[in-house]
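The opening residue of the sequence shown carries number 15 in our numbering; numbering runs sequentially from there.
Every residue, glycine too, gets a C-beta built ideally from N, C-alpha and C.
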Amino acid sequence: MKDKKQKGQSAHAHAVTQLQQVAELLRDAYAPEDRERFDAAIEKLSEPDQVHEAKLVITMDDGSEQTFTAFRSQHDNARGPYKGGIRFHPNVSKDEVKALSTWMTWKSAVTGIPYGGSKGGIIVDPRKLSAGELQRLSRAYARFVAPFVGPWVDVPAPDVNTNGQIMAWMVDEYEQYQLETKETQVENPLATFTGKPLGLGGSEGREEATGLGGVYVLEALAEKMAWEDPSEVSIAIQGFGNVGYWFAQHAADRGYRVVAVSDSKQVLFDENGLNPSEVIAHKKAHGSLTDETSKVITNEELLALDVTVFVPAALENAITKENAGSIKAEVIIEMANGPTTPEADEILKQNGVLVVPDVLANAGGVTTSYFEWVQNLHGYYWSHAEVLSKLEPLMKQALIDAWNMKVKSMVTMRMATYMKAVKSVVDMLLLRGRV
Ligand code: NAD
15 MKDKKQKGQS AHAHAVTQLQ QVAELLRDAY APEDRERFDA AIEKLSEPDQ
65 VHEAKLVITM DDGSEQTFTA FRSQHDNARG PYKGGIRFHP NVSKDEVKAL
115 STWMTWKSAV TGIPYGGSKG GIIVDPRKLS AGELQRLSRA YARFVAPFVG
165 PWVDVPAPDV NTNGQIMAWM VDEYEQYQLE TKETQVENPL ATFTGKPLGL
215 GGSEGREEAT GLGGVYVLEA LAEKMAWEDP SEVSIAIQGF GNVGYWFAQH
265 AADRGYRVVA VSDSKQVLFD ENGLNPSEVI AHKKAHGSLT DETSKVITNE
315 ELLALDVTVF VPAALENAIT KENAGSIKAE VIIEMANGPT TPEADEILKQ
365 NGVLVVPDVL ANAGGVTTSY FEWVQNLHGY YWSHAEVLSK LEPLMKQALI
415 DAWNMKVKSM VTMRMATYMK AVKSVVDMLL LRGRV
């Protein structure tokens, strides 16, 4: 079970294969008279409800016109409005957004937030656009999706190469579109997009939410693993960007020993434990994680460190069949999306490494997006402490639920997580009588 495509399979075909594997394990849990409807639900979930596609034409700075292909895949909304990011990347494809929207349906279900799954994207290399061109393209995308998004319909967010500024442009364009086209009621524009900047309806705590959510998962796991003293739990982290840094900081604040962190250039190691705030300050000041006194190791050595927990927080496909066998960590907490290839996953399983899958470990981001939406709907904003106090129980419960399912069904944490998520979506399809 992986958020990755298997060899020879498209990403969406892989998502369907995963779903079928989970369905096989779940089917017997349904009463014989419900099994036909269960099969119909799995069939329904094998394709998105709809995939919207458009050619967006924008005027470039030199006065010429350029066309970009854009998508919005809405997979399932049985548990609540469709929810998912928008990515700007040359590799975006219809197949990819279909797969990613399917995985979003499971990710929303993992922490129980009342959303379904969707995903959007534009085939574009945003580095080749000026700020003005990027704004025009973002506005064109908002106008394309405006008829089929909204607080109770589909709630987009940032994803790869999109950010709060892009969401701000989209909110503004969506609002203008509604004022131009709707005669009566205008849907709440702030509650239509999440990941917005603070001040334009963004939520306190969003920046650190993904990394911190992973640390809440770590804390719940520590109880299950009977790790009593955090200082005896050593952690190596690959990637020191938003997610990696906040994971390191919050883990260190709780007394865990963060012994290694890396970026695309270097790996910094100290077996006595690093101070993440000093490391980030050094990186900001000097553009590097290390100085002449630092102990530096290679990426291969990072993966092979004899630590309690390894945290991939950088790229997809970081753990492969070539390096999985060298991993000595007891536990992997997948903070990046899709860091483990399916072949590597099999090796980790054989070696008894417990893997907390990405859809659970990094769900703190989408969960805080949900809090942002709730605040926008109420027009009432929570303090930083309030946001974190609401995130903690949801993340910890998600880990406990997956753990219990793993024990009950004798499957991996990854499979257990998917089983719980798919079951909650199927149950809602049955309850609603959609199948
Ligand atoms: P980021 O761009 O802030 O940071 C990425 C980090 O990875 C940087 O430190 C970069 O130097 C490092 N890196 C790049 N190539 C590397 C390599 N070859 N080896 C080691 N390090 C390398 O990105 P982010 O927001 O922290 O996201 C990291 C991962 O988490 C991605 O997979 C992303 O999809 C996932 N994720 C992020 C969020 C979020 O809220 N930001 C939510 C869910 C999932």
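8 Å or more divides the Cβ of Ile347 from the Cβ of Leu226.
When DSSP states are grouped into helix, strand and coil, Phe102 belongs to the strand group. Taken through DSSP and simplified to helix, strand or coil, Arg157 comes out as helix. C-alpha of Val275 to C-alpha of Ala327: approximately 10 Å in a straight line. Per DSSP, reduced to three states, the secondary structure at Asp173 is coil, with no helix or strand assignment.
Assignment of Leu368 by DSSP, reduced to helix, strand and coil, places it in the strand class.
Gly134 sits in a strand when the DSSP states are folded into three classes. Pairing Asn313 with Val281 gives a Cβ-Cβ distance under 8 Å. With a cut-off of 7 Å, the C-beta of Gln252 is classified as near the ligand NAD, since at least one heavy atom of the ligand falls inside that distance.
Counting C-beta atoms within 10 angstroms of its own C-beta, Met429 has 16 or more neighbours from the protein chains shown and is therefore classed as buried.
Note on Lys434: 16 or more other CB atoms within 10 angstroms of its CB, so buried under the neighbour-count rule. Bridge partners of Glu79 according to DSSP: Thr73. DSSP lists Ser248 as the bridge partner or partners of Arg271. Per the Cβ contact rule, the region 434-445 is not in contact with the region 256-273 (fewer than 3 Cβ pairs under 8 Å). Under the 8 Å Cβ criterion, the region 89-96 counts as touching the region 53-64, having at least three qualifying pairs. Around the C-beta of Arg141, fewer than 16 other C-beta atoms lie within 10 Å, and the residue is accordingly described as exposed.
In this structure, Asp277 has its CB closer than 7 Å to one or more heavy atoms of the ligand NAD.
Taking 8 Å as the cut-off, the beta carbon of Gly379 is found closer than this to the beta carbon of Ala223. Each residue's CA atom was taken as its position, placing Glu285 and Val71 some 54 Å apart. When C-beta atoms of the region 357-374 are compared with those of the region 195-208, fewer than three pairs fall below 8 Å, so the two segments do not count as touching. The closest CA to that of Val167, considering only Ala156, Val138, Tyr96, is found on Tyr96. By the Cβ criterion, the region 201-219 is in contact with the region 378-393, since at least three pairs of Cβ atoms, one from each stretch, lie closer than 8 Å. Fully enclosed alpha helix (DSSP H) runs of no fewer than 4 residues occupy 356-364, 372-375, 378-392 of the region 341-399, in order along the chain. Here the region 154-164 makes contact with the region 183-191; the two share three or more CB pairs at distances below 8 Å. Within the model, the alpha-carbon separation for Gly216 versus Gln364 is close to 43 Å. With respect to Ala113, Ala234 sits apart: the two C-beta atoms are not nearer than 8 Å. At least one heavy atom of the ligand NAD lies less than 7 Å from the C-beta of Gly258. For secondary structure counted as the alpha helix (DSSP H) over 4 or more consecutive residues, the region 175-253 holds these complete runs in sequence order: 178-195, 220-239. Three or more Cβ pairs closer than 8 Å define a contact, and the region 99-106 meets that threshold against the region 129-139. Following the DSSP letters along the chain, one finds Pro290 inside the alpha helix (DSSP H) bounded by residues 290-300. Beta-bridge partners assigned by DSSP to Phe283: Ala274, Lys309. For Val439, the enclosing alpha helix (DSSP H) begins and ends at 427-446. Residue range 49-59 is occupied by the alpha helix (DSSP H) that includes Phe52.
The beta carbons of Ala350 and Leu329 sit closer together than 8 Å. Between Ile251 and Val272, the gap from beta carbon to beta carbon is short of 8 Å.
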